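Reading through the structure tokens given below for one structure.
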């Protein structure tokens, strides 16, 4: 049986991506193997491929991909055979853009029968990030006013969904073309705001455009640099934005700014994130979450998927091996 993976052989434009073929990996002790049905393509994947990710970048060649959903098709020698055939999701951080991936059995979350597997692929990165920002970082309370920048994107829509379920009064910032996406989550729509009226602001874009919209004592949480994808010097721009974020935390009015990295949280406290992902899976199965429609590309069209992420910021982008 053969294995196919998207590989970044060197840093560069989307066309550097290639699909390698080889022998399917065997799961080792404590591991299981997932036949991937859907893998998310995130802005971080695009930035890593270009060698411009603001954080740690693996040296080429490497397989990108933070999150997967699929079916367990093999288990290691000390893992229960009951896993075989089980649909699962997992946050893998790297290596997800592949037809088969091996991982520790304790890192996957089983999907209830009847769950649409590709739809569940939105949970490990987008919804897990949103849950962390709303409940662990900003600690949003019922009735608070919350502003989401980049609202039509994968993390943006998840933030509208999760914050709305927490009882917040949500407002989504986006262009006029995306008004229906924002209001579809019960949020108010704005294309800009200069009024200091919000208790919390979430910024997946990284531009900090709405920092002045926070009340005294408000919380601004940045979780990405989507806004520098088309910048000619993205790492320099991201560093400048991080510096500005730190300066905002020094203001005497009680407003604070935080930069959040899901990858760091996953390495520091994987058990807590696994519990949260398990809760999100149950919420999805119960119809309590409303992921937006995804844009799907075959594995062979990974370069086109990267171009799409760079040019459009709506919903979740998936590769289907």
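Residue numbers (the numbering used here): 11 to 331. Even glycine gets a Cβ: it sits at the ideal position worked out from N, Cα and C. Predicted model, so just to flag it, every value in this text is computed and none were measured.
Along the length of the segment 82-162, whole beta strand (DSSP E) runs at least 3 residues long occupy 97-101, 110-114, 118-120 and 155-158, reported in chain order. Just so you know, the alpha carbons of residue 297 and residue 165 end up roughly 19 Å apart. Within 10 angstroms of the beta-carbon of residue 190 lie fewer than 16 other beta-carbons, which makes it exposed. Counting every other CB atom within 10 Å of its CB across the protein chains shown gives residue 326 a total of 16 or more, marking it as buried. Cβ contact annotation for residue 46 (same chain, cutoff 8 Å, sequence separation greater than five): 78, 79, 80, 106, 108, 109, 110, 111 and 331, in chain order.
Sequence-distant partners of residue 70 (beyond 5 residues in either direction) whose C-beta falls short of 6 Å from its own C-beta, in its chain, are 18, 19 and 20. Membership of residue 314 in the alpha helix (DSSP H) is indicated by the continuous run 312-321. Looking at the backbone, the Cα of residue 292 and that of residue 142 are separated by about 17 Å. Residue 43 and residue 265 have their C-alpha atoms spaced approximately 46 Å apart.
For residue 200 and residue 183, the gap between their C-alpha atoms comes out near 5 Å. Note that the segment 131-140 touches the segment 49-61; at least 3 beta-carbon pairs, one per stretch, sit closer than 8 Å. The beta carbon of residue 147 sits closer than 8 Å to those of 229, 231, 268 and 270, all from its chain and outside the five residues before and after it, given in chain order. In terms of Cβ geometry, residue 40 and residue 91 do not form a close pair [threshold 8 Å]. Apart from the 5 residues on each side of it in sequence, residue 302 sits with its Cβ closer than 6 Å to the Cβ of 167 and 325 in its chain, given in chain order. Between the C-alpha atoms of residue 192 and residue 149 there is a straight-line separation of about 22 Å. If you look at residue 171, you'll find it in the alpha helix (DSSP H) that goes 164-175. Residue 198 is positioned such that its CB atom lies closer than 8 Å to that of residue 181. When DSSP states are grouped into helix, strand and coil, residue 280 belongs to the helix group.
The closest CA to that of residue 22, considering only 276, 328 and 61, is found on 61.
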